[in-house]
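The numbering used here applies: residue -5 is where the sequence shown begins, and numbers increase by one.
Read through the structure below, which is laid out as structure tokens, and then see the notes.
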Amino acid sequence: MTSYEDIIVDRDGPVLTITINRPEAGNKFRPVTCLELVDAFQRFRLDRDLRAAVLTGAGEKFFCIGGEHDEVPFLDQSQVLPILDVYQAIDTIPKPVVAAVNGYAVGGGNVLHTVCDLTVASEHAVFRQVGPMVGSFDAGYGSWYLEDTIGRKRAKEMWYLNRKYSAQEAQSMGLVNDVVPSAELRRHAAEVAREIVNRSPLAIGGLKAAFSARHNGVSGQARMAHDQYLTVYLTTREAHELSASFAERRQPDPEQFWH
């Protein structure tokens, strides 16, 4: 496995676990963290033996409490935290990603688990958006996907009032799928991932693309066509006959389309 500075990557059969390993800093992401996460998720996408991933944080107190802006030079666009690339990587990979929230999921950390396909939380997890308290906001994944997940009024409440929500409250809002004892979190998240592994990867990929396509404009539609419909089409007799007739410079035989 590739060695990283800010994350730990482990594989157990078809399931990959990616852990943000900065517990002393609340598992905040900095530029190198974002780049490493993107690299790990892209490697996950390309590895045919890996079918699902679990994303979590090191330690028992923090999942991720957002971005570490101290390292980012003021108004230096080249060094702006590339967390959007991480969100996009998770959202566009045609494989399921399960968030295992082991503690505080705050700010960008709350967005991070929201863009994952499913969220499993420990009973001590806490969820919160603090943007308006520190002069920041998320006008993309953190607002649109949050609204999709918990509804407009709840999403506005979370952003405007900046309250803390327990794992049980988050589950009642639809922000969390399962709540389990802390000691069982990783095992349960891996079990959920393995349960999805037993489903059709083509169907799961198609569903994932469909869920996000309406928020991704032409790129979302193109992804559905390229990753799913085109894949299905190229496995049909129709596609085989048309390709063969073109290569052989003959008229295609329509009878071959249906047999």
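Glycine included, every Cβ here is placed at the ideal spot set by N, Cα and C.
All values reported here derive from a predicted model rather than from experimental measurement.
Under 7 Å between C-beta atoms of residue i and residue j
i, j, result
"ARG9", "ALA46", "Sequence check: residue 9 is Val here, not Arg. Yes."
"TRP153", "HIS209", "no"
"ALA94", "ALA183", "yes"
"TYR98", "ILE144", "no"
"PRO90", "ILE1", "no"
"ASN117", "VAL173", "Checking the sequence shown, residue 117 turns out to be Glu, not Asn. The answer is yes: Cβ separation under 7 Å."
"ILE84", "CYS28", "no"
"LEU112", "VAL92", "yes"
"VAL124", "ASN156", "yes"
"LEU196", "ASN96", "no"
"PRO339", "LEU236", "In the structure displayed, the chain extends from -5 to 253; residue 339 sits before or after that span and is not available."
DSSP-derived helix/strand/coil call for residue i
i, result
"GLY102", "helix"
"TYR159", "strand"
"ASP41", "coil"
"VAL9", "strand"
"ALA187", "helix"
"ARG180", "helix"
"ALA34", "helix"
"ARG122", "strand"
Classification of residue i by the beta-carbon crowding that lies within 10 angstroms, buried from 16 upward
i, result
"LYS22", "buried"
"GLN36", "exposed"
"GLY7", "exposed"
"LYS158", "exposed"
"SER206", "buried"
"PRO234", "Per the sequence presented here, residue 234 reads as His, with Pro not at that position. With fewer than 16 Cβ atoms within 10 Å of its Cβ, HIS234 is classed as exposed."
"PHE240", "exposed"
"ARG122", "buried"
"ALA203", "buried"
"PHE131", "exposed"
"ALA238", "exposed"
"ASN192", "exposed"
Selected residue, minimal CA-CA separation from residue i, among the options
i, options, result
"PRO126", "ARG244, ASP0, GLY101 and PRO17", "GLY101"
"MET167", "ASP142, GLU178 and LEU179", "ASP142"
"GLY134", "GLU249, TYR81 and ARG122", "TYR81"
"ALA187", "GLU(-1), PRO248, VAL124 and ILE12", "ILE12"
"GLY61", "ARG39, PRO25 and VAL32", "PRO25"
"ASP79", "ASN156, ARG5, GLU30 and THR108", "GLU30"
"ALA149", "PRO88, LEU236, GLN250 and THR108", "THR108"
"ILE190", "ASP41, VAL3 and PRO88", "PRO88"
"ASP4", "LEU49, SER130 and THR86", "LEU49"
"ALA119", "PHE57, ASN192 and THR(-4)", "PHE57"
"ASP33", "ASP43, ARG16 and GLU(-1)", "GLU(-1)"
"ARG39", "THR86, PRO17, ALA19 and ASN15", "THR86"
"ASN255", "ARG244, SER194 and CYS110", "The structure shown has nothing for residue 255, since the chain only spans -5 to 253."
beta-carbon residue i near the ligand ZN non-hydrogen atom, thresh 6 Å
i, result
"LEU196", "Annotation note on the ligand ZN: not contained in the displayed structure, which lists no ligands."
Handout entry: At least three beta-carbon pairs within less than 8 Å, the stretch 48 to 62 to the stretch 157 to 166
Key = no
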